[in-house]
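For reference, the structure discussed in these notes is given below.
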Amino acid sequence: MRKESKHKILILGASGFLGGAIYKELCSYFRTFGTYNISNAVFEKNKHFFQYNIEEDDIYEILDIVKPTIIISALRGNFSKQVLIHQHLAEYVFTNKIKLLYLSSANVFDAYIKYPSYEQDKTYSNSIYGHFKIKIENMLLRLPKKQIAILRLPMVFGSQSPRVQEIIQYIKDKEPIEVFPNLIMNVTTDSKITQQIHYIINRNKFGIFHLGSNDLVHHDDFIKEIVNAFPFEEKAIYKRVYTTNDDRYLAVLPKFNKLPKHLQLYSQDIISELKI
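Here's what the structure looks like:
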């Protein structure tokens, strides 16, 4: 496949589940580089991967070598270190007039429990995780708007996703699966996120994107549908967790920055994908 010369992409956190999926999607089309944290023979052989420890290493070294035109941040790890790194990234993006795609989370709205959230809603969180994501979002939103895309993700369920793998393991170990009957959410898969990111890069889109399904599901119903998608011998055990007496929402719905139809999804699409 012909590599397009127009972009050099650096994925921070390319050894993680989502970072790795994004790398696989983009590497045939763009000159794509990634970082990994823990020593790994496969990555060490790959000239496109750099070992990077957010606790110790300087991100500028990698930026100087790669000279990316687009940075995708899928980093995980220590929150305060991540805030610092994103300060450095923001300076670099601004100075070099390049673009940054940041993977954020529905948790930036986890204090609003009465309704789903749209792109232009004010962020508000009660969790440490949500607070930290908001802090980075706010920092990036101060950059020129064409240089930034904030991608807010709901819970991710792909066949290889940590969430689905964990469910499978619980069933095998006869451990209870926690379900939240009062939680109304939307969902997505790694394969859909990677296609959406590819489109955002190709079409040079910017701004805030809510990359969740168009429909809402109850957490407990959806988990049960996932379990039913697999032909298990064992019966699943569920542990119902009630954090509140009323329904609470944790959903990021697209309203203003909608992607084309083929890049939108419904929760049923995920179940169908798992059944294959």
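In terms of the working numbering, the sequence shown opens at residue -8 and continues consecutively.
Backbone N, C-alpha and C fix where the C-beta goes; we use that ideal spot for every residue, glycine too.
Cα atoms of residue 9 and residue 18: separation of roughly 14 Å, rounded to the nearest angstrom. Residue 4 has no beta-bridge partner at all, per DSSP. In this structure, the straight-line span from the alpha carbon of residue 77 to that of residue 71 is close to 10 Å. DSSP lists 2 and 40 as the beta-bridge partner residues of residue 25.
Here residue 153 carries a helix assignment [DSSP, helix/strand/coil]. 140 is the residue among 119, 125 and 140 whose C-alpha sits nearest the C-alpha of residue 89. Residue 131 counts as buried, since no fewer than 16 other beta carbons sit within 10 angstroms of its beta carbon.
Along the length of the stretch 169 to 231, whole alpha helix (DSSP H) runs at least 4 residues long occupy 181 to 193 and 210 to 220, reported in chain order. With a cut-off of 8 Å on Cβ pairs, the stretch 94 to 112 is in contact with the stretch 233 to 246, counting three or more such pairs.
For the set 142, 181, 175 and 126, the Cα lying nearest the Cα of residue 150 is the one of 181. Cβ contact annotation for residue 115 (same chain, cutoff 7 Å, sequence separation greater than five): 100, 102 and 103, in chain order. Exclusion of the five residues before and after residue 257 leaves 204, 205 and 206 as the residues of its chain whose Cβ lies within less than 8 Å of its Cβ.
The alpha-carbon of residue 30 is positioned some 13 Å away from that of residue 4. The beta carbons of residue 143 and residue 201 sit about 5 Å from each other, so the pair counts as a contact at 8 Å.
When C-alpha distances from residue 58 are compared across 91, 109 and 28, the shortest belongs to 91. The Cβ-Cβ distance between residue 184 and residue 147 falls below 8 Å. A check of alpha carbon separations from residue 208 across 254, 43, 33 and 174 identifies 174 as the nearest. Residue burial is scored here from C-beta neighbours: residue 79 has fewer than 16 other C-beta atoms within 10 angstroms and is therefore classed as exposed.
Listed as beta-bridge partners of residue 90 by DSSP are 61. Residue burial is scored here from C-beta neighbours: residue 111 has fewer than 16 other C-beta atoms within 10 angstroms and is therefore classed as exposed.
Shown here for residue 254: same chain residues with a beta carbon closer than 8 Å to its own, the five before and five after excluded, namely 183, 186, 187 and 190 in chain order. Between residue 159 and residue 40, the alpha-carbon positions lie close to 31 Å from each other. Here the alpha carbon of residue 36 sits roughly 12 Å from the alpha carbon of residue 27.
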